[in-house]
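Note that this note's numbering has the sequence shown beginning at 7, numbered continuously upward.
Every residue gets a Cβ at the ideal spot worked out from N, C-alpha and C, and that includes glycine.
Note that the structure is a prediction, hence the values are computed from the model and not measured.
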Amino acid sequence: MSDPNIPDGLAERYQRLQRYVGWSDDDAERVLRVAPIVRASFEELIEDFYATIETEPQAAKVITGGQEQVARLKVTLCRWLEDMFQGPWSGDYAAARWRVGWRHVEIGLDSVFTAVAFSRLRTGLTRVIEQKWTGKQADMQATLHSLHRLLDLDLAIIQDAYEGEYVARQRRSVQQRSEAAFRRLVEAAGSMIVILRSDHTIAYFNPYAEELTGYAASAIHGKSYVDLFLPERERLGVVEQLLANHAGQSTLGYENAIRCRDGSERSLVWNAQRLEDFDGAPAILAVGQDITARKVAEERALQSERLAAIGQTVTGLAHESRNAFQRSQACLELLSLELEDRPEELELVSRIQRALDHLHRLYEEVRDYAAPIKLDRQLCDLAHLWRDAWSHLEVSRAGKSVLLHESVECVDLALHVDWFALGQVFRNIFENAIAACSEPGNIWVRCTESVLENHPAISIQVRDNGAGISGDARSRVFDAFFTTKTKGTGLGMAIARRIVEAHGGVIDLGTSEEGAEFVIVLPRS
Numbered sequence: 007m008s009d010p011n012i013p014d015g016l017a018e019r020y021q022r023l024q025r026y027v028g029w030s031d032d033d034a035e036r037v038l039r040v041a042p043i044v045r046a047s048f049e050e051l052i053e054d055f056y057a058t059i060e061t062e063p064q065a066a067k068v069i070t071g072g073q074e075q076v077a078r079l080k081v082t083l084c085r086w087l088e089d090m091f092q093g094p095w096s097g098d099y100a101a102a103r104w105r106v107g108w109r110h111v112e113i114g115l116d117s118v119f120t121a122v123a124f125s126r127l128r129t130g131l132t133r134v135i136e137q138k139w140t141g142k143q144a145d146m147q148a149t150l151h152s153l154h155r156l157l158d159l160d161l162a163i164i165q166d167a168y169e170g171e172y173v174a175r176q177r178r179s180v181q182q183r184s185e186a187a188f189r190r191l192v193e194a195a196g197s198m199i200v201i202l203r204s205d206h207t208i209a210y211f212n213p214y215a216e217e218l219t220g221y222a223a224s225a226i227h228g229k230s231y232v233d234l235f236l237p238e239r240e241r242l243g244v245v246e247q248l249l250a251n252h253a254g255q256s257t258l259g260y261e262n263a264i265r266c267r268d269g270s271e272r273s274l275v276w277n278a279q280r281l282e283d284f285d286g287a288p289a290i291l292a293v294g295q296d297i298t299a300r301k302v303a304e305e306r307a308l309q310s311e312r313l314a315a316i317g318q319t320v321t322g323l324a325h326e327s328r329n330a331f332q333r334s335q336a337c338l339e340l341l342s343l344e345l346e347d348r349p350e351e352l353e354l355v356s357r358i359q360r361a362l363d364h365l366h367r368l369y370e371e372v373r374d375y376a377a378p379i380k381l382d383r384q385l386c387d388l389a390h391l392w393r394d395a396w397s398h399l400e401v402s403r404a405g406k407s408v409l410l411h412e413s414v415e416c417v418d419l420a421l422h423v424d425w426f427a428l429g430q431v432f433r434n435i436f437e438n439a440i441a442a443c444s445e446p447g448n449i450w451v452r453c454t455e456s457v458l459e460n461h462p463a464i465s466i467q468v469r470d471n472g473a474g475i476s477g478d479a480r481s482r483v484f485d486a487f488f489t490t491k492t493k494g495t496g497l498g499m500a501i502a503r504r505i506v507e508a509h510g511g512v513i514d515l516g517t518s519e520e521g522a523e524f525v526i527v528l529p530r531s
């Protein structure tokens, strides 16, 4: 049995109760004088006390140790009576009485039996004093009044302990049931639910959050949520929200990205509020709904609208310009015939022709970028596909020493893809790599098994030994019309991303510290 924590201020409260019932030094003197009279009857009173308990099943059920326990309890009651009649009636005395009430809660005794037991003990003590009193009747009545005040004080302290401890246990029980219901709810929820301390460390992390982020709750408990999950660009805004939550403000519909264990990011929209108590301290409850798929769908729909607008514009331009191109072409051919014997002027005509051809290619490339992608899937060997793409770049490799290295780590390279479209992706990446390579040039293609949205996938990493991509270019490399070259439209990697995404895959920059690295992840089905 554990020991109770005596409440602070019990001694002062006992003194206030003594004053309230009128307990005085005279009362103390009377109790001390009557002690020899009643002490001889302690055994009789104790036997009667426990004999009565045995007749009441609800009271007797707390005695689970048989006669051995009853014998110990009789000794305890005898000590209690001795203390009552010898004092001093101070803070220590009150603490001993408070422990009696606490033990009644411990053993599960209903407080009503404490009250009636006191009544029986009071009756017995009164009877003994009345039978054995030899002094004046008035003095006996005064002594009985003093004894009743003391018994009332004892019962008040015992009941105070009982009620305080019982209420505290009831509160803990309600809290435990509430927390159990809360945990059942949040552990079954299809949302990311986290509880954060005032220092932003993680106090709770539900199973859905584990599945979404790839982190086990046990591995991140007590760690900083901000450092672990927030990309640098998100931290200031999220921390401001958390501080507002701790100040009592609620958050509704706050959107930010989180970083998962594998380095990927997910977009979530959050509701959050302050909890006044979670495991003994204030905390923040935050519920996040994963909206990554929705945002991707919205971005794709917006991109489709933009592409349709671009396509419509380019188609109109191409239609209006076709006659101009044809007239320009015819005039250049006639001019070439007129200038056959004038080589310098013919070179100028050739330059105009090349510029016209380049402009025509730009029209075609923009039109291809904006056109809807329709895949003609067939079972292809990816190695054959990228080798075929490499073979078509002989002109780009002319005059340069560039080698292609392959590393396939026990991967089945058979995949249902569009040969021509995916070949264009590899051609675009290889062409950029060839242009960026240092001499001698080296380009590595590596294939590994991977997972994409919890499904089997193939990861293809293409890396060169050039200067790499850094700074602003890393965030814009897949943007339409972005290029670091003096030639081209800057649509190559934007088209590559559209093709890969049309296959249900993703393409992004890798993390290699040497050269530029592109990582393509394609689902197996």
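Neighbour-count burial assignment, residue i, 16 or more Cβ in a 10 Å radius
i	result
S8	Interpretation of S8 is limited by its pLDDT of 49, a score under 50 that renders its predicted location unreliable; the figure taken from the coordinates is listed afterwards. Classification for S8: exposed.
H364	exposed
D32	exposed
T149	buried
S456	buried
N460	exposed
V401	exposed
L249	exposed
L497	buried
E523	buried
H411	exposed
A427	buried
Y99	buried
N11	exposed
E26	It should be noted that the sequence gives Tyr, not Glu, for residue 26. Label assigned to Y26: exposed.
F487	exposed
V81	exposed
A307	exposed
G141	exposed
I513	buried
Contact test: residue i Cβ vs the ligand MG heavy atom, cutoff 8 Å
i	result
F524	This structure lacks the ligand MG; in fact it carries no ligand of any kind.
Of the listed residues the options, nearest to residue i (C-alpha basis)
i	options	result
T219	E88, I435, F235, Q255	F235
I163	R241, L16, D205	L16
G477	L515, N471, M90	L515
W392	E445, R452, R383, K380	R452
V37	K80, R78, D89	D89
A41	M146, H252, H461, L308	M146
W425	N438, D387, S518	D387
Q137	E344, H509, L345, S47	S47
E169	Y221, T140, R109, R155	R109
G228	E519, Y210, A123, R348	Y210
K380	E507, S179, A77, G259	E507
L409	E445, D418, G196	E445
A442	E35, V468, R265, H422	V468
N448	S407, S481, I435	S407
P288	R267, N251, Q165, R183	N251
Bounding residues of the alpha helix (DSSP H) (the contiguous stretch that carries residue i)
i	result
I435	425–442
I513	Careful: I513 lies outside any alpha helix (DSSP H), inside the beta strand (DSSP E) at 512–515.
I501	498–508
L234	231–235
Under 9 Å between C-beta atoms of residue i and residue j
i	j	result
A502	V414	no
I475	V527	no
I226	I208	yes
V275	Q247	no
A292	A278	yes
S270	I297	no
L127	F55	yes
L87	V44	yes
L131	L23	no
R85	A167	no
G510	A473	no
R530	I464	yes
Y214	G243	no
Strand pairing of residue i, partner residues [DSSP]
i	result
H422	L385
V37	In DSSP, V37 forms no bridge with anything.
V5	Limits of the chain in this structure are 7 at one end and 531 at the other, which puts residue 5 out of reach.
S273	A263
A278	T257, A292
I201	Y210, L291
P529	A463
V408	G447
Element boundaries [beta strand (DSSP E), containing residue i]
i	result
R265	257–265
E520	Segment: none, E520 is in no beta strand (DSSP E) and carries neither H nor E.
D296	287–296
R469	461–470
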